[in-house]
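The numbering used here runs 10 ahead of the 1-based position in the sequence shown. Where is the CB? At the ideal position from N, CA and C, for every residue including glycine.
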Amino acid sequence: MFTLERILRRHGHEVIPFTAGDMKNMPTTYDKYFPLAARTESASIKDSLNTLYSRDARRAISSLLDEHEIDVVHLHSYFKRLTPAILPEIRRRNIPLVQTLHEYRAVCPVSTLYRDGAVCTDCKGGRYQNVIRHRCAGGSLVRSIWNYAEMQMSDWLGHKRDVARYITVSDYQRDMLVMMGMDPDKLVTIHHPVELPPQSRPDTSRPSYILFFGRLETAKGADLLLEIAARLPAERLVVVGDGSRRDALIQAVHDRGLTNVVFKGVLHGSALHEAIDDASCVIVPSLWPEAFGLTAVEALARAKPVVASAIGGMLDTVRDGIDGFLVPPGDVTAMVDRVRRLTANASLALRMGNAGRQRMAIEFSDDIFYRRVMDVYEDVVRTHPPACSE
11 MFTLERILRR
21 HGHEVIPFTA
31 GDMKNMPTTY
41 DKYFPLAART
51 ESASIKDSLN
61 TLYSRDARRA
71 ISSLLDEHEI
81 DVVHLHSYFK
91 RLTPAILPEI
101 RRRNIPLVQT
111 LHEYRAVCPV
121 STLYRDGAVC
131 TDCKGGRYQN
141 VIRHRCAGGS
151 LVRSIWNYAE
161 MQMSDWLGHK
171 RDVARYITVS
181 DYQRDMLVMM
191 GMDPDKLVTI
201 HHPVELPPQS
211 RPDTSRPSYI
221 LFFGRLETAK
231 GADLLLEIAA
241 RLPAERLVVV
251 GDGSRRDALI
261 QAVHDRGLTN
271 VVFKGVLHGS
281 ALHEAIDDAS
291 CVIVPSLWPE
301 AFGLTAVEAL
311 ARAKPVVASA
321 IGGMLDTVRD
331 GIDGFLVPPG
341 DVTAMVDRVR
351 RLTANASLAL
361 RMGNAGRQRM
371 AIEFSDDIFY
381 RRVMDVYEDV
391 VRTHPPACSE
């Protein structure tokens, strides 16, 4: 969202943010419109209902839309903190509505299309009751019922009807959403842009390593990391990130006596960039169908080859044999083999990394992103039906 705002402002557009009030929000002169965020940690019935339908959010967006002339409303996510209560106010003012879909929440009550270690499409065609049957929300019946109610409320208040165009972040995501029952004519893929830094030279005075950076969760392939390291005893595996599996993985490293695994915790900014620059390659062993896979493009932008699972958005971002390798999800043997090819052949790693960086510069730039977003805005404004006169 901040990237979109930055790029639009740079091109001279006025952008008005709208979100729930929070102490962590970036400062803005528009925060007077922000409703109080629903208390998701509360067990009271009133607070719980506010995460399903927020009258405060509906009144807040109504005030904003009444006081400003808006050409397009661009949604990202509204569940829990704003809720679908905002949708009727946008429709009532006949403002074209665009939404970027960052995952699969439009068709999956838990957003992931992933259950019990495999892609799940049981909610295809709006059969959201399957989230209750499988208790997909962390095994909790109550949370699963609530997610079911959120989906029904969203559709009832006009989400599928009123959004003129959905922006998907990969062709894989788009194809999955169409397969799940969404209107293909409303879906258009626009990849996230990625910052292309000046090309740096890695510090050859330090030995390189294999790098994983991201959330340490089972669906992200975190539980495969130690097996990968065990099969590559001559290579260091540097793990950057945090998540629910971190403590268990650190304990397992100790129990197995793996001396080639280093946990760095969470890194941001220049510290993360340095970690990428000094790696020989980056691995993305995800098991679930990530809609985009930001780590892959961040690595490629810094001229690092990527070995990734052939699933989700990685199919859009990593070209097998050109700027990295794609392997079947969960196939540790294949991933280890491709990593060995890169660590044993520095010229191959360099060539693939440079190919990835070149593609990021051409196809994932801010300018390409801006032109494609503006095409969507101009199209929905041009084709939006006029308000009915009374």
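If distances are taken between C-alpha atoms only, which option among the options comes closest to residue i?
| i | options | result |
| --- | --- | --- |
| Leu197 | Gly148, Lys170, Arg367 | Lys170 |
| Arg68 | Glu79, Asp81, Phe89 | Phe89 |
| Leu92 | Val250, Ser64, Cys118, Arg103 | Ser64 |
| Val272 | Ser280, Ala262, Gln109 | Ala262 |
| Asp126 | His112, Trp156, Arg145 | Arg145 |
| Lys230 | Leu111, Asn355, Ser296, Leu336 | Ser296 |
| Met33 | Pro45, Glu24, Ile26 | Pro45 |
| His84 | Tyr387, Gly251, Pro395, His278 | Tyr387 |
| Leu206 | Leu226, Phe374, Ala128 | Phe374 |
| Gly251 | Gly224, Ala232, Gly340 | Gly224 |
| Asp234 | Pro338, Thr110, Ser164 | Sequence inspection shows Leu at residue 234; the Asp mentioned does not correspond to that position. Ranking Pro338, Thr110, Ser164 by Cα distance to Leu234 puts Pro338 first. |
| Gln86 | Arg137, Trp166, Glu308, Leu14 | In the sequence as presented, Gln is not what sits at residue 86; that position holds His. For His86, the nearest C-alpha among the options comes from Leu14. |
| Thr353 | Gly331, His264, Ile220, Thr269 | Ile220 |
| Glu284 | Ala309, Asp81, Tyr43, Met186 | Ala309 |
| Met161 | Arg143, Ser121, Tyr176, Thr131 | Ser121 |
| Thr228 | Leu247, Phe12, Ala356, Ala128 | Ala128 |
| Asp333 | Ala344, Leu358, Val179 | Leu358 |
| Ile100 | Val82, His112, Thr110 | Val82 |
| Asp165 | Met11, Asn270, Pro94, Ile71 | Pro94 |
| Ser280 | Met186, Ile80, Thr327, Pro208 | Pro208 |
| Ile372 | Leu282, Asn140, His201 | His201 |
| Arg351 | Val391, His264, Pro396, Glu245 | Glu245 |
| Ala70 | Leu62, Ala356, His394, Thr29 | Thr29 |
| Pro98 | Leu111, Ser72, His112 | Ser72 |
| Leu62 | Arg137, Pro37, Ile80, Leu167 | Leu167 |
| Ala232 | Val248, Gly31, Leu259 | Leu259 |
| Gly275 | His264, Val249, Leu268, Arg137 | Val249 |
| Thr269 | Leu247, Gln183, Ala356 | Leu247 |
| Gln183 | His112, Ser218, Asp195, Ile96 | His112 |
| Met163 | Ala356, Ile26, Asn60 | Asn60 |
| Ile80 | Val328, Thr327, Leu336, Glu24 | Glu24 |
| Thr38 | Ile55, Phe12, Asp185 | Phe12 |
| Asp195 | Ala397, Val390, Pro395 | Val390 |
| Gly136 | Gly148, Ala147, Asn157, Arg153 | Asn157 |
Looking at the strands, I want to know which residues DSSP matches up with residue i.
| i | result |
| --- | --- |
| Thr110 | Ile177 |
| Phe335 | Val317 |
| Arg125 | Ala128 |
| Leu247 | Ile220, Val271 |
| Asp197 | Here the sequence assigns Leu to residue 197, which means Asp is not the residue at that position. BP columns for Leu197 point to Tyr176. |
| Gly31 | Leu46 |
| Leu85 | Gln109 |
| Asp41 | Asp41 is not bridged to any residue. |
| Pro330 | Note on identity: in this sequence residue 330 is Asp, with Pro being the wrong assignment. BP columns for Asp330 point to Gly334. |
So residue i packs on residue j, CB below 8 angstroms; how close in whole Å?
| i | j | result |
| --- | --- | --- |
| Ile159 | Val108 | Correcting the residue type first, residue 159 is Ala in the shown sequence and not Ile. The pair is not a contact, with the Cβ atoms about 26 angstroms apart (cut-off 8 angstroms). |
| Asp57 | Ala48 | 7 angstroms |
| Asp172 | Thr199 | So it is not a contact: roughly 21 angstroms between Cβ atoms. |
| Arg266 | Leu236 | 7 angstroms |
| Val204 | Met384 | 19 angstroms between Cβ atoms; not a contact. |
| Pro299 | Leu123 | 6 angstroms |
| Ile155 | Thr110 | The Cβ separation is near 28 angstroms, so there is no contact. |
| Leu336 | Val328 | 6 angstroms |
Mind checking if residue i is an interface residue toward chain C, Cβ cutoff 8 angstroms exclusive?
| i | result |
| --- | --- |
| Tyr124 | Note that chain C does not occur in the displayed structure, where there is just one protein chain. |
Using 7 angstroms as the cut-off, classify the Cβ of residue i as near or not near the heavy atoms of the ligand PLP, replying yes or no.
| i | result |
| --- | --- |
| Arg65 | Ligands are entirely absent from the displayed structure, and the ligand PLP is therefore not among its contents. |
> Are three or more beta carbon pairs between the region 15 to 31 and the region 366 to 386 nearer than 8 angstroms?
Replying inline: For the pair of segments examined, the region 15 to 31 was found to touch the region 366 to 386: the number of CB pairs separated by less than 8 angstroms reaches three.
>> What ranges does the alpha helix (DSSP H) occupy inside the region 275 to 328, keeping only unbroken runs of at least 4 residues that lie completely in it?
In response: Fully enclosed alpha helix (DSSP H) runs of 4 or longer: 279 to 287, 304 to 311, 324 to 327.
>> Quick test of the definition: if touching needs 3 or more C-beta pairs under 8 angstroms, does the region 237 to 246 touch the region 182 to 192?
In response: Taking 8 angstroms as the limit for Cβ pairs, the verdict is that the region 182 to 192 does not touch the region 237 to 246.
>> Can you confirm whether the region 97 to 105 touches the region 116 to 127 when touching is taken to mean that 3 or more C-beta pairs between the two stretches lie within less than 8 angstroms?
In response: Result no; under three Cβ-Cβ pairs closer than 8 angstroms.
> On the three-pair Cβ rule with 8 angstroms, is the region 306 to 324 touching the region 247 to 265?
Replying inline: Two segments are said to touch when three or more pairs of C-beta atoms, one from each, lie closer than 8 angstroms; by this definition the region 306 to 324 does not touch the region 247 to 265.
> Are three or more beta carbon pairs between the region 359 to 367 and the region 70 to 80 nearer than 8 angstroms?
Replying inline: Contact between the region 359 to 367 and the region 70 to 80 is not established, with fewer than three Cβ pairs separated by less than 8 angstroms.
> Counting pairs of beta carbons, one from the region 290 to 306 and one from the region 348 to 362, are three or more of them closer than 8 angstroms?
Replying inline: These segments touch.
> Touching or not, the region 322 to 332 and the region 293 to 305, by the rule of three or more beta carbon pairs under 8 angstroms?
Replying inline: Taking 8 angstroms as the limit for Cβ pairs, the verdict is that the region 293 to 305 does touch the region 322 to 332.
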